[in-house]
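Q:
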Amino acid sequence: MLGPSAPLLPSPFNIILFGSTGCGKSSIVNMLLGREAALMSSGALGCTFENKSYSVTIERQEYRLYDTTGLDEGTVGTVVSKDALVKLYHLLRDLQGGISLLVYCMRGPRITETFERNYNIFYDGFCRKAVSIVIVVTGLEDQESTMDSWWTENKYAFDKYDMDFAGHACITATLGKKMKNGEFRNQEEYNESKVLLRDLIVEHCRNARPWKVETKTWFVAVIKWLHRNLPSWLGDHVAPRLADLYEVLKSFLPEQDARDIANRADMKPVSDALPSNRKRPNKKKAANKAFA
2 MLGPSAPLLP
12 SPFNIILFGS
22 TGCGKSSIVN
32 MLLGREAALM
42 SSGALGCTFE
52 NKSYSVTIER
62 QEYRLYDTTG
72 LDEGTVGTVV
82 SKDALVKLYH
92 LLRDLQGGIS
102 LLVYCMRGPR
112 ITETFERNYN
122 IFYDGFCRKA
132 VSIVIVVTGL
142 EDQESTMDSW
152 WTENKYAFDK
162 YDMDFAGHAC
172 ITATLGKKMK
182 NGEFRNQEEY
192 NESKVLLRDL
202 IVEHCRNARP
212 WKVETKTWFV
222 AVIKWLHRNL
232 PSWLGDHVAP
242 RLADLYEVLK
252 SFLPEQDARD
262 IANRADMKPV
272 SDALPSNRKR
282 PNKKKAANKA
292 FA
């Protein structure tokens, strides 16, 4: 325990972890905490439902880790995508110190087809490329040579799709089976991974300027970005008409917030779209135009 002579440094850094179900987000949190605090998913149903926060101290600096639901976690038993979007709205609204780092978690050795989409949604669509992003690749305990050799062999795939990361860590997030001698199969790799993770976080938060947003404006920007870049996803999960968007939002947000956001995101003319006593705002340009 730290004594009076070693106080915690002020202003904890907020870090958002994201990635598909089963990629190891919760295992990474548990590794950093040194205990089983984050519930891990098992099989197709998954269990990462809410945006949960965990506090960890590294070198006297506090970091808050936010284990989030991925937008592609829409199978039976997991969070539907519009829910995940609104939960991110709540997360950004409630963060007092802004966001200092994005950690994209993926499970190696194979890069899935949803990887580029999720990168663009979080880094560009959600965070407007204003937050530093790093990647953590899990499941590499059996990688030949060293775990980091995976990055050397596969970095070209990220470059091909213009996915840039400020840093990376190739790790194993599991100890593996306990052997007869009492040790765990992946103990050495696990210990190495823990150091790599801590160093990655410290390095990329040290000089970070936390990104803060006005949440209503942010939500409108995200809806318009999705409409421009992923119209098929938006059509499946959030109806693009103003009235439909309002109906979705009011199920999760305060009514005034839902009305304000829907008015700002007015992408198509809809008569009598919103029940409001205020004068209807002028229609804005279509969402496929650049968002100013």
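Going by the numbering used here, the first residue of the sequence shown is number 2, and it counts up by one from there.
All C-beta atoms in this analysis are idealised placements derived from N, C-alpha and C, irrespective of residue type, glycine included.
(1) Under 8 Å, with one C-beta from each stretch per pair, do the segment 200-211 and the segment 146-164 reach the 3-pair mark?
(2) Out of Y105, K53, T173, which one is the CA nearest neighbour of K88?
(3) Taking the beta strand (DSSP E) that Q188 falls in, what are its first and last residues?
(4) Considering only the alpha carbon of each residue, which of R207, F185, N187, Y124 lies closest to D165?
(5) Tell me, please, which residues DSSP counts as bridged to Y105.
(6) In three-state DSSP terms, what is L46?
(7) Could you tell me which of G98, F220, L197, F185 sits nearest to D149, measuring between CA atoms?
(8) Run the CB neighbour count on T173, radius 10 Å, all protein chains shown included, and call it buried at 16 or more, exposed below.
(9) Do you know how far the Cα of I17 is from the Cα of I262?
(10) Secondary structure at T58, three-state DSSP: helix, strand or coil?
(11) Helix, strand or coil, according to DSSP, for D160 in the structure here?
(12) Using 8 Å for Cβ pairs, my map puts C106 next to W212. What's the rounded Cβ distance?
(13) Quick check: the Cα distance between R61 and N264, rounded to an integer number of angstroms?
(14) Answer with buried or exposed for R108, where buried requires no fewer than 16 other C-beta atoms within 10 angstroms of its C-beta.
(15) With a CB to CB cut of under 6 Å and the five nearest residues on each side skipped, what residues in its chain are close to K195?
(16) Comparing C-alpha positions only, which one of S101, R111, V137 sits nearest to A131?
(17) What's the gap between the Cα of V138 and the Cα of H205?
(18) What does the alpha-carbon distance come out to for the pair I112 and C24?
(19) Can you check which of these residues, S56, I134, L141, W151, is closest to L103 by C-alpha distance?
(20) Are the Cβ atoms of N121 and N230 separated by less than 8 Å?
(21) Go ahead and pull the three-state DSSP assignment for K88.
(22) Please name the residue or residues paired with F166 in a DSSP beta bridge.
(23) Go ahead and label S56 buried or exposed: buried means 16 or more other beta carbons lie within 10 angstroms of its beta carbon, across all protein chains shown.
(24) Can you give me the C-alpha to C-alpha distance between G168 and E184, rounded to a whole angstrom?
(25) Rounded to a whole number of angstroms, what is the C-alpha to C-alpha distance between E152 and C171?
(26) Mind checking N278: buried by the 16 CB within 10 Å criterion, or exposed?
(27) For Q97 and E117, what's the separation of their Cα atoms in angstroms?
(28) From the DSSP output, read off the bridge partner residues of F220.
(29) Distance, Cα to Cα, L141 vs D163?
(30) From which residue to which residue does the alpha helix (DSSP H) around M32 run?
A: In terms of the structure at hand:
(1) Below 8 Å, too few C-beta pairs join the segment 200-211 and the segment 146-164 to call them touching: fewer than three.
(2) Among Y105, K53, T173, the Cα nearest to that of K88 is on K53.
(3) Taken as a continuous stretch (DSSP letters only), Q188 belongs to no beta strand (DSSP E), being part of the alpha helix (DSSP H) at 188-206.
(4) Of R207, F185, N187, Y124, the residue nearest in Cα terms is Y124.
(5) DSSP, once it has assigned bridges, lists F19, I136 as partnering Y105.
(6) Confidence is the limiting factor: at L46 the pLDDT is only 45, short of 50, which leaves the residue's position unreliable and the question unanswerable from this model.
(7) Ranking G98, F220, L197, F185 by Cα distance to D149 puts L197 first.
(8) Buried.
(9) Their backbone Cα atoms lie some 24 Å apart in a straight line.
(10) Here T58 sits in strand by DSSP.
(11) Reduced to three states, the DSSP call for D160 is helix.
(12) Incorrect: roughly 20 Å between the Cβ atoms, too far for contact.
(13) C-alpha separation (whole angstroms): 45 Å.
(14) With 16 or more other Cβ atoms within 10 Å, it is buried.
(15) For K195, where only same-chain residues beyond five positions count, the Cβ hits under 6 Å are M32.
(16) Out of S101, R111, V137, S101 has the C-alpha closest to the C-alpha of A131.
(17) Looking at the two C-alpha atoms, the distance is approximately 17 Å.
(18) Going from the Cα of I112 to the Cα of C24 covers about 11 Å.
(19) The shortest Cα separation from L103 among S56, I134, L141, W151 belongs to I134.
(20) Yes, they are a contact pair.
(21) Three-state DSSP puts K88 in a helix.
(22) Bridge partners of F166: none, in fact.
(23) It counts as exposed.
(24) The straight-line gap separating the alpha-carbon atoms of G168 and E184 is approximately 31 Å.
(25) A small correction: the amino acid at residue 152 is Trp; Glu does not occupy that position in the sequence shown. Rounded to the nearest angstrom, the two C-alpha atoms are 7 Å apart.
(26) Model confidence at N278 stands at a pLDDT of 42, short of 50, so the residue's coordinates are unreliable; what they give is reported in the following sentence. When all chains shown are included, N278 counts as exposed.
(27) The alpha-carbon of Q97 is positioned some 29 Å away from that of E117.
(28) Its beta-bridge partners do not exist; DSSP assigns none.
(29) If you draw a straight line from the Cα of L141 to the Cα of D163, it is about 24 Å long.
(30) Secondary structure note for M32: its alpha helix (DSSP H) is the uninterrupted segment 26-34.
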